[in-house]
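Heads up: the protein sequence lines correspond to chains A and B, in order. All residue numbers for the first sequence refer to the working numbering, where the first residue is 7 and numbers rise by one. All residue numbers for the second sequence refer to the working numbering, where the first residue is 7 and numbers rise by one.
Number of protein chains: 2
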Amino acid sequence: MQSLRLAGKPVNNENRRAAILDAAVVLFGERGYYGTSLQTIAAAVGMTKAGVLHHVGSKEGLLEIVLDEVYDNHNDEMRERYLAKERPLMAQMWRDVVAMNAERPEQVHMFSTLDAESIDPDHPAHQYFLERDRDTIDLMLDVPWDVPEGVNVEQLLNAGFSMMDGIQLRWLRNPESDLNELWAQCEDQLMPLPMWDGYR
Amino acid sequence: MQSLRLAGKPVNNENRRAAILDAAVVLFGERGYYGTSLQTIAAAVGMTKAGVLHHVGSKEGLLEIVLDEVYDNHNDEMRERYLAKERPLMAQMWRDVVAMNAERPEQVHMFSTLDAESIDPDHPAHQYFLERDRDTIDLMLDVPWDVPEGVNVEQLLNAGFSMMDGIQLRWLRNPESDLNELWAQCEDQLMPLPMWDGYR
Chain A
7 MQSLRLAGKP VNNENRRAAI LDAAVVLFGE RGYYGTSLQT IAAAVGMTKA
57 GVLHHVGSKE GLLEIVLDEV YDNHNDEMRE RYLAKERPLM AQMWRDVVAM
107 NAERPEQVHM FSTLDAESID PDHPAHQYFL ERDRDTIDLM LDVPWDVPEG
157 VNVEQLLNAG FSMMDGIQLR WLRNPESDLN ELWAQCEDQL MPLPMWDGYR
Chain B
7 MQSLRLAGKP VNNENRRAAI LDAAVVLFGE RGYYGTSLQT IAAAVGMTKA
57 GVLHHVGSKE GLLEIVLDEV YDNHNDEMRE RYLAKERPLM AQMWRDVVAM
107 NAERPEQVHM FSTLDAESID PDHPAHQYFL ERDRDTIDLM LDVPWDVPEG
157 VNVEQLLNAG FSMMDGIQLR WLRNPESDLN ELWAQCEDQL MPLPMWDGYR
């Protein structure tokens with residue numbers, strides 16, 4: 007990975023903590039939680055392991071921070087934005103999520119790696135991902151989506167977020183691909199015309 | 007993981023090799039390729055590291071075997087089966103794939119973990135997964151699928167296999183869930199009625 011040292015920035019607590027989180031995102035993505043030591047993270051930011059622990063408490067604490075604080079910090083805002091809309095359309099919400107993720111490949115890489123690694127019930131993020139699968143749907147079910155008659159909103163959300171997981175893996179693996187374009191093709195399958203005419 | 011020693015079986019080369027592959031599937035799934043040493047695999051089957059190397063050549067060789075020989079050994083047969091059908095329906099093909107995967111959770115776990123871990127361009131399975139994304143679609147495009155007018159078969163295949171990746175993660179994480187049931191809900195979204203009436 008590229009160096010994440012604090013080149014050119016004032017060395018203070020805030021910058022140090024931010025550099026640790028940046029390094030953890032990249033390293034957890036490339037090597038997983040199991041494959042990344044606090045020592046490697048410390049070396050990447052030019053600190054000691056004790057210095058890293060001072061900022062994040064523990065390796066498990068660091069994992070919680072990069073998931074909760076870094077990766078998932080947009081979820082509530084997204085829900086609020088769609089709750090406020092007069093006519094919330096699911097296709098628009100997914101395009102918003104995809105556009106956001108297209109701008110943060112390293113975070114999506116981390117998410118994808120931890121998502122699979124945490125299938126293991128002993129993984130410290132197992133419960134987090136288990137609850138997240140459910141919470142993401144519940145959060146979005148609060149929004150009165152305008153969908154064609156007969157559509158099962160809960161099942162559509164589950165199917166759509168599953169599709170997004172898979173297409174993001176294909177995007178990350180192929181640096182020439184464009185996530186927004188890939189998703190546009192997915193949208194055509196998930197919300198096909200003419201059935202979804204006027205609803206996307 | 008549970009012991010994978012050769013309890014009760016005659017100790018010969020074939021059984022030894024099979025035990026190594028079984029252990030590698032479980033350990034690559036739980037800890038990833040990076041997180042699993044040949045020493046751990048050797049210990050799991052009650053052999054020495056040198057003994058394991060005698061059977062599989064190298065750690066990279068073992069990775070290739072569990073992907074090519076163990077995980078992907080059904081692909082050609084599936085394609086042949088659908089090429090031979092008078093009226094091949096994509097919904098049936100996906101149900102067949104899902105029914106097969108529902109019976110092999112440890113292999114799907116391994117696949118999911120390596121799928122994400124190999125986003126890293128330095129990962130030894132990076133090229134394998136990159137080509138597999140493309141090859142799976144190409145293989146299936148040979149089949150003259152009977153689909154409703156206007157459906158883009160290539161995009162549908164890409165969207166459907168992406169959805170399957172995501173729903174399999176949810177299934178593996180939640181031992182109470184049933185992959186066939188989860189997929190039935192996905193199918194209703196991916197091939198909605200009445201558009202797909204008579205085509206699934």
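Even glycine gets a Cβ: it sits at the ideal position worked out from N, Cα and C. From a predicted model like this one, the values you see are computed outputs, not experimental measurements.
With H, G and I counted as helix, E and B as strand and the rest as coil, what does DSSP make of residue i?
{"i": "B:Leu73", "result": "helix"}
{"i": "B:Asn180", "result": "coil"}
{"i": "B:Ala272", "result": "Since the first residue shown for chain B is 7 and the last is 206, residue 272 of chain B is missing from the structure and cannot be characterised."}
{"i": "A:Ile125", "result": "coil"}
{"i": "A:Trp100", "result": "helix"}
{"i": "B:Glu92", "result": "coil"}
{"i": "B:Glu155", "result": "coil"}
{"i": "A:Val51", "result": "coil"}
{"i": "A:Tyr134", "result": "helix"}
{"i": "B:Arg206", "result": "coil"}
{"i": "A:Met201", "result": "coil"}
{"i": "A:His60", "result": "helix"}
{"i": "A:Ser168", "result": "helix"}
{"i": "B:Asn18", "result": "coil"}
{"i": "B:Pro150", "result": "coil"}
{"i": "B:Asn81", "result": "helix"}
{"i": "A:Thr42", "result": "coil"}
{"i": "A:Arg37", "result": "helix"}
{"i": "B:Arg87", "result": "helix"}
{"i": "A:Arg140", "result": "helix"}
{"i": "A:Arg23", "result": "helix"}
Return yes when the Cβ of residue j is within less than 7 Å of the Cβ of residue i, no when it is not.
{"i": "A:Glu92", "j": "A:Val31", "result": "no"}
{"i": "A:Phe117", "j": "A:Ser124", "result": "no"}
{"i": "A:Gln174", "j": "A:Val76", "result": "no"}
{"i": "A:Ala108", "j": "A:Glu193", "result": "no"}
{"i": "B:Ala29", "j": "B:Ala50", "result": "yes"}
{"i": "B:Thr119", "j": "B:Gly35", "result": "yes"}
{"i": "B:Ala165", "j": "A:Gln195", "result": "yes"}
{"i": "B:Gly52", "j": "A:Tyr40", "result": "no"}
{"i": "B:Ile47", "j": "B:Leu33", "result": "yes"}
{"i": "B:Ala122", "j": "A:Ala131", "result": "no"}
{"i": "A:Met169", "j": "B:Met169", "result": "yes"}
{"i": "A:Val153", "j": "A:Tyr88", "result": "no"}
{"i": "A:Asp139", "j": "B:Arg176", "result": "yes"}
{"i": "A:Leu73", "j": "A:Val58", "result": "no"}
{"i": "A:Ile26", "j": "A:His80", "result": "no"}
{"i": "B:Val104", "j": "B:Leu185", "result": "yes"}
{"i": "A:Pro94", "j": "A:Trp151", "result": "yes"}
Identify the contact partners of residue i in chain B, using a Cβ-Cβ distance below 7 Å as the criterion.
{"i": "A:Tyr40", "result": "Arg37, Gly38, Gly41"}
{"i": "A:Leu178", "result": "Ile125"}
Using a Cβ cut-off of 8 Å, pull out every chain B residue sitting near residue i, in sequence order please.
{"i": "A:Ser118", "result": "Ala122, Ile125"}
Examine chain B for any beta-carbon lying closer than 7 Å to the beta-carbon of residue i, and answer yes or no.
{"i": "A:Leu136", "result": "yes"}
{"i": "A:His61", "result": "no"}
{"i": "A:Ile173", "result": "yes"}
{"i": "A:Tyr205", "result": "no"}
{"i": "A:Asp139", "result": "yes"}
{"i": "A:Met106", "result": "no"}
{"i": "A:Val201", "result": "Here the sequence assigns Met to residue 201 of chain A, which means Val is not the residue at that position. Yes, its Cβ sits closer than 7 Å to a Cβ of chain B."}
{"i": "A:Ala25", "result": "no"}
{"i": "A:Ala165", "result": "yes"}
{"i": "A:Val103", "result": "no"}
What in chain A is Cβ-close to residue i, meaning under 7 Å?
{"i": "B:Gln161", "result": "Gln191, Asp194, Gln195"}
{"i": "B:Asn186", "result": "The premise fails here: B:Asn186 is roughly 15 Å from chain A at the closest Cβ pair, so nothing lies under 7 Å."}
{"i": "B:Pro150", "result": "Under the 7 Å cutoff, chain A gives no residues; its nearest Cβ is about 19 Å from B:Pro150."}
Could you check whether the Cβ of residue i sits closer than 7 Å to any Cβ belonging to chain A?
{"i": "B:Met84", "result": "no"}
{"i": "B:Ser168", "result": "yes"}
{"i": "B:Gln8", "result": "Legend: pLDDT at B:Gln8 = 47, less than 50; position of this residue unreliable, value from coordinates given subsequently. Closer than 7 Å: no."}
Determine the chain A residues that contact residue i at a beta-carbon separation under 9 Å, and present them in chain order.
{"i": "B:Met115", "result": "As written in the sequence, residue 115 of chain B is His, which differs from the Met given in the question. Those are Ala122, Ile125, Asp126, listed as they occur along chain A."}
{"i": "B:Pro224", "result": "Because residue 224 of chain B is not part of the residues shown, which for chain B are 7 to 206, the question remains open."}
Residues of chain A with CB under 8 Å from residue i, in chain order?
{"i": "B:Ala49", "result": "Within 8 Å Cβ-Cβ: nothing; B:Ala49 doesn't reach chain A, min ~17 Å."}
How would you list, in chain order, the residues of chain B whose beta-carbon sits under 9 Å from the beta-carbon of residue i?
{"i": "A:Ala94", "result": "Sequence check: residue 94 of chain A is Pro here, not Ala. Near A:Pro94 there are no residues of chain B at all, since even the closest Cβ is about 18 Å away, more than 9 Å."}
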